[in-house]
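> To start, I am sharing the structure in question, which I have written as C-alpha cells.
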Amino acid sequence: MNVKTIEQVYNNSLRQATQAASQDNRKLPTAARLERLLKLAPEDVSGGRHRIRLYRFLSDSIPSVSAGIWTWVRLTAAPVKLVADPAASSPMQERAGRVLERLERRLYPRPDNRYADLQRLVTDVCLHMYRDGGFGTFLTVLADGSGIDRVIPVDPAVIGVDLVGGRQRLVMQGENESMSLDRPDFYHLPIGSGVDDPFGRSLLAGIPFVAFIEQQLVDDMRRATHNAGYHRLHVRITPPERHAGESDRAYTDRINEYFDSTVNMIRSCQTEDNPVTWDNVAIEYIGPSGVRSQSNSWFFNHRAMIEEICGGMNLSPFLLGYSYGATTTWSAFKFDMVMRQVRSVQQQVAAFLEWIGNIELALARVPVACRARFDNSFSYQAKEQAEIQSARTDNLLKLHEAGLIDQSTAQAEAARLL
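Quick note, the sequence shown lines up with residues 649 to 1066 if you use the working numbering.
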C-alpha cells in the first residue's frame, strides 16, 4: 500500500471518528459518563465474577502466589516505547514521534489526576491479565476530535458474558443497567483464551485447591510449634547421704543449701558455659522427640505444595527464590522458556498499544502506522549477544568473499544486523 492510499484510509478514519463523536454520543461517551457507569456494583456470582475476588484474595494473602503474579507482571511489563513505522520517510517518522510522545504523557491519568507514563498502563494491563484473566478499557477522544483524550480501564469484576443472537457478547453489568461492550471504543485483552473460554482465563485458575492445602499445612505447623513450646532442661538432684550423728535440722539445711547452689549455678549458665556438678545431678532434655525428622518431613511436604503452586502459575520454583541446587545451564534454559511465554503475552499488549497509537496518528492526520517495541534485553546477556552478532557478521563477510551473495544482498543483511 503506497503513502497516498494510507493517507486516504487514515483520512476516512478521521472523518468517521469525528462524525461519531459529534452525531452519536452513545458510541463515544465522555469520560464523566463512563466513570459514573463504572461505579455501579456488579453481581456476585453471575458470569463467574466471584472467582476474580477469590484470585485477588489469593494474590494478596499467600506469599508464593503474590510472588508468582509479581514475577509474571514485571517480566512482561518491560520498558516499552511507541515508535513510527521504520518504512516511513524520516520527516514523517519525526512528526509521528512527536505525536506519540505527547500521547504517552497524557494517555493514562492516575487517581490523583496527574498523568502517568505509558509504563504504568502496561503494568496495570499485565496485572489484570494474569490475575483476573483479562483487561478491558474504553478509549475517549477530545471534544474537537483532534486526538485521544484518555483510556478509562474497566474493572474485570463488572465484565460479564451474555448470549445475544446465539453468540457470546461481553457486557458491563451494574445494579440497574448493563451496557454492551461490542463497540468501537472498547478494547479487551484476554489471556489463556480458547474455544471453551474465549474471553480469558486467570493464571490462578488452577491453584485454589492446592493453595488451600498449603495454607492448611502452614496452619498445622503453627499449631504444632505452639503446642511444643520452648525446649527445657530438667535437672534432677539426688540428696546426699546423711552423716552419722547429724540432726534432722542440720541435714535439712545442708541439702537445701546444696539444692539452692545447684539451682543458682544452672540459672547463671550462659549459652557458651557448661554446667559442672557431682554425679548425683542429672540433666535431661524435655521436648518433642525426633525434632529433626519432624522438621524435615514438614519441609518436604511444604516444598511439594509450593512447587504445585509454582507449576499452576507456569513458573519454575527457582524464579520465586525456591532454588534446590539447579545448575546454571538448566536454570538458564528454564528462564529462556519463561521469556518465550512472556513475549507471546507482549505481542497481545503490543497490538493493544498499536491500536491506540494508530488512532492517535489518524486523528492527528499523520499517515504513518506505529509499532510498540518492548526492551527485553538484560545486561548479563550483552556478551552473548555481542558474540552472536560477531559470528553473524563474519559469516556474512565470508559469503560475500566467496561470491555466494552480491554486495547489495550483503548490505541488506548487514542493515538488519544493526
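Just so you know, even glycine gets a beta-carbon here, dropped at the ideal spot from N, CA and C.
Grab me the residues of residue 653's own chain with a C-beta within less than 7 Å of its C-beta, minus the 5 sequence neighbours each way, in chain order.
With a pLDDT of 45 at residue 653, under the threshold of 50, the modelled position of that residue is not reliable, and the figure given next carries that caveat. Once the five neighbours on either side are set aside, residue 653 has no close Cβ partner at all.
> Is there a Cβ of chain B sitting closer than 8 Å to that of residue 867, yes or no?
The structure shown contains no chain B; it holds only a single protein chain.
> What do you get for residue 917, buried or exposed, if any count of 16 or more other CB atoms within 10 angstroms of its CB means buried?
It is exposed - the Cβ of residue 917 has fewer than 16 other Cβ atoms within 10 Å.
> Hey, residue 702 and residue 1008: beta-carbon distance below 8 Å or not?
No; because the gap between Cβ atoms is not below 8 Å, this pair is not in contact.
> If I follow the unbroken alpha helix (DSSP H) through residue 716, where does it start and stop?
First-last of the alpha helix (DSSP H) with residue 716: 711 to 724.
> Less than 8 Å between the beta carbons of residue 962 and residue 989, yes or no?
The answer is yes: Cβ separation under 8 Å.
> Report the three-state DSSP secondary structure of residue 886 (helix, strand or coil).
Of the three classes helix, strand and coil, the one that applies to residue 886 here is coil, per DSSP.
> Which residues mark the beginning and the end of the beta strand (DSSP E) in which residue 826 is found?
Residues 826 to 828.
> In three-state DSSP terms, what is residue 1035?
If DSSP states are grouped into helix, strand and coil, residue 1035 belongs with the helices.
> For residue 606, does the three-state DSSP call read helix, strand or coil?
Because the chain spans 649 through 1066 in this model, residue 606 falls outside it and cannot be assessed.
> Per the DSSP calculation, residue 810 is bridged to which residue(s)?
According to DSSP, residue 810 bridges with 817.
> From residue 1019 to residue 860, what does the alpha carbon distance come to, in whole angstroms?
Those two C-alpha atoms are separated by around 43 Å.
> Can you tell me whether residue 710 is buried or exposed, with buried defined as 16 or more other CB within 10 angstroms of its CB?
Looking at its Cβ environment, which holds 16 or more other Cβ atoms inside 10 Å, residue 710 is buried.
> Output the distance between the C-alpha atoms of residue 1046 and residue 1052, rounded to the nearest integer angstrom.
Distance between the alpha carbons of residue 1046 and residue 1052 is about 9 Å.
> I'd like to know whether the C-beta atoms of residue 744 and residue 1014 end up nearer to each other than 8 Å.
Cβ distance < 8 Å, so residue 744 and residue 1014 count as in contact.
> What residues match up with residue 834 in a beta bridge as DSSP calls it?
Answer by DSSP bridge pairing, in chain order: 786.
> Check the DSSP bridge columns for residue 728 and list the partner residues they point to.
Residue 728 pairs with 1022.
> Pairing CB atoms from the stretch 827 to 844 with CB atoms from the stretch 993 to 1011, are three or more of them under 8 Å?
Counting Cβ pairs under 8 Å, three or more are found: they touch.
> Shorter than 7 Å, the distance from the beta carbon of residue 840 to the closest heavy atom of the ligand PLP, or not?
The ligand PLP is not part of this structure, which contains no ligands at all.
> In chain order, what residues of the same chain lie with their CB nearer than 8 Å to the CB of residue 794, ignoring the 5 residues before and after it?
Same-chain partners within the cutoff: 1011, 1012.
> Residue 1039: buried (16+ other C-beta within 10 angstroms of its C-beta) or exposed?
When all chains shown are included, residue 1039 counts as exposed.
> Can you give me the Cβ contacts of residue 965 inside the same chain, cut-off strictly under 6 Å, excluding the 5 residues immediately before and after it?
Result list for residue 965: 955, 958, in chain order.
> Name, in chain order, the residues that DSSP records as bridge partners for residue 930.
Beta-bridge pairing links residue 930 to 884.
> If we ignore side chains and look at the alpha-carbon of each, how far apart do residue 1017 and residue 732 end up?
One C-alpha to the other measures close to 6 Å.
> Which value, in whole angstroms, describes the spacing of the CA atoms of residue 662 and residue 730?
Below a pLDDT of 50, predicted positions are generally treated as unreliable, and residue 662, at 45, falls in that range; no measurement from the model is reported.
> Note down the Cα distance separating residue 900 from residue 909, rounded to an integer number of angstroms.
Taking the straight line from one Cα to the other gives about 14 Å.
> Within 10 angstroms of its Cβ, does residue 716 collect 16 or more other Cβ (buried), or is it exposed?
With 16 or more other Cβ atoms within 10 Å, it is buried.
> Quick one: residues in its chain with C-beta nearer than 7 Å to the C-beta of residue 865, no 5 flanking neighbours on either side, listed in chain order?
The residues are 949, 950, 953.
> So what's residue 923 in DSSP terms, helix, strand or just coil?
Residue 923: coil per DSSP, three-state reduction.
> Tell me whether residue 901 sits in a helix, a strand or coil according to DSSP, three-state version.
Correct three-state label for residue 901: helix.
> Can you tell me which residues form a DSSP beta bridge with residue 801?
785, per the DSSP bridge assignment.
> Have a look at 1022, 1050, 810, 1054 and flag the residue whose alpha-carbon is nearest the alpha-carbon of residue 724.
Nearest of 1022, 1050, 810, 1054 to residue 724, Cα basis: 1022.
> DSSP state of residue 856, grouped into three classes?
Three-state DSSP puts residue 856 in a helix.
> Taking all protein chains shown into account, decide if residue 692 is buried (16 or more other Cβ within 10 angstroms of its Cβ) or exposed.
Per-residue confidence for residue 692 stands at a pLDDT of 47, beneath the threshold of 50, marking its modelled position as unreliable; no derived number is given.
> Closest to residue 928 by CA distance: which of 903, 779, 784 is it?
The shortest C-alpha separation from residue 928 is found at 903.
> What number of angstroms, rounded off, separates the C-alpha of residue 808 from the C-alpha of residue 770?
Each residue's alpha carbon lies about 23 Å from the other.
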